[in-house]
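Student: Numbering (the numbering used here), first residue to last: -9 to 214. For reference, the structure I am asking about is given below.
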Ligand code: ADP
Ligand code: ADP
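Here is the structure:
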């Protein structure tokens, strides 16, 4: 799904632009958004996920327009926020069953099938009956991805998913996102270059609310 962002600005307070005229086209596959803390990555992702209104500018997801077709956009989108509240007392399976119900899988057999598919997709089938509070950081991120995928979105947005993961978990998580990006658009934000360089076909660098680079990761690496 083609995503087109035009002249997007966000001011939380007057004269303080968290986003300052973002122009960006994302055409599919895996797209990396790199930038330090405070650059505006979460703000951009929250606006894309229809959770926050921009001050100015537009975003189009295919033919859908932000502010007009938000219901359709929410259906086309899966979002894993940076601080994602998991129900620690539930098992992975119970949690996904709950999300699947919210997403409209009301028939028990359909819902069970969908939950099983998602657990397999993120490699947690053998941990399905364990409580989420016993999961490692990487497993929690993977169950977060599973809930974002339940509605079969065409675009998936993940905000700093590798923060707090050890190197091995980070590689596993990156492989999962690469796999997902074969079938849908994946937008990943991070402050770690290594998360992007091997996986993303295209990327942008954000700093103080502005995009200071757009291109392929090897073009960026050739500059430094
Ligand atoms: P990040 O910048 O990596 O998204 P933060 O810890 O800065 O993480 O932000 C955590 C939450 O607090 C987010 O929901 C963000 O929107 C909010 N937040 C960040 N900065 C401010 C601020 N200056 N005033 C109020 N809320 C903020
Ligand atoms: P990143 O995700 O790249 O760390 P953010 O989008 O969280 O960046 O933050 C961009 C800027 O906006 C920061 O200066 C941050 O403090 C500010 N900010 C974020 N959320 C809020 C908020 N809810 N209220 C006020 N300022 C915010």
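Virtual Cβ for every residue (Gly too), placed ideally from N, Cα, C.
Can you tell me the Cα-Cα spacing of residue 181 and residue 62, whole angstroms?
Tutor: 30 Å
Student: State the beta-bridge partners of residue 197 as determined by DSSP.
Tutor: 200
Student: Given this structure, state the Cα-to-Cα distance separating residue 1 from residue 150, to the nearest angstrom.
Tutor: 22 Å
Student: Can you list, in chain order, the residues of its chain with a C-beta nearer than 7 Å to that of residue 141? Leave out the 5 residues immediately preceding and following it.
Tutor: Correct list, in chain order: 65, 68 and 93.
Student: Rounded to whole angstroms, what is the Cα-Cα separation between residue 148 and residue 163?
Tutor: Rounded to whole angstroms, residue 148 to residue 163 spans 11 Å at the Cα level.
Student: Looking only at its chain, what residues have a beta carbon closer than 6 Å to the beta carbon of residue 56, apart from the 5 residues adjacent to it on each side?
Tutor: 49
Student: Please list, in chain order, all residues of the same chain as residue 160 whose beta carbon is under 6 Å from its beta carbon, the five residues on each side excluded.
Tutor: 152
Student: Helix or strand or just coil, what does DSSP make of residue 115?
Tutor: helix
Student: What are the boundary residues of the alpha helix (DSSP H) that residue 35 is part of?
Tutor: 31 to 38
Student: How many Å lie between residue 80 and residue 171 at the Cα?
Tutor: 29 Å
Student: Which one of 117, 113 and 90 has the shortest CA to CA distance from residue 103?
Tutor: 90
Student: Would you check if the distance between the CB atom of residue 20 and the CB atom of residue 167 is smaller than 9 Å?
Tutor: yes
Student: Kindly identify the DSSP beta-bridge partner or partners of residue 46.
Tutor: -1
Student: Any idea what DSSP makes of residue 121, helix, strand or coil?
Tutor: strand
Student: From this set, 212, 44, 210 and 77, which residue's C-alpha is nearest residue 137's C-alpha?
Tutor: Minimum Cα-Cα distance from residue 137 among the listed residues 212, 44, 210 and 77 corresponds to 77.
Student: Measure the alpha-carbon distance for residue 183 versus residue 24 and round it to whole angstroms.
Tutor: 7 Å
Student: Looking at residue 155 and ligand 2, is the gap between the Cβ and the nearest heavy atom below 8 Å?
Tutor: no
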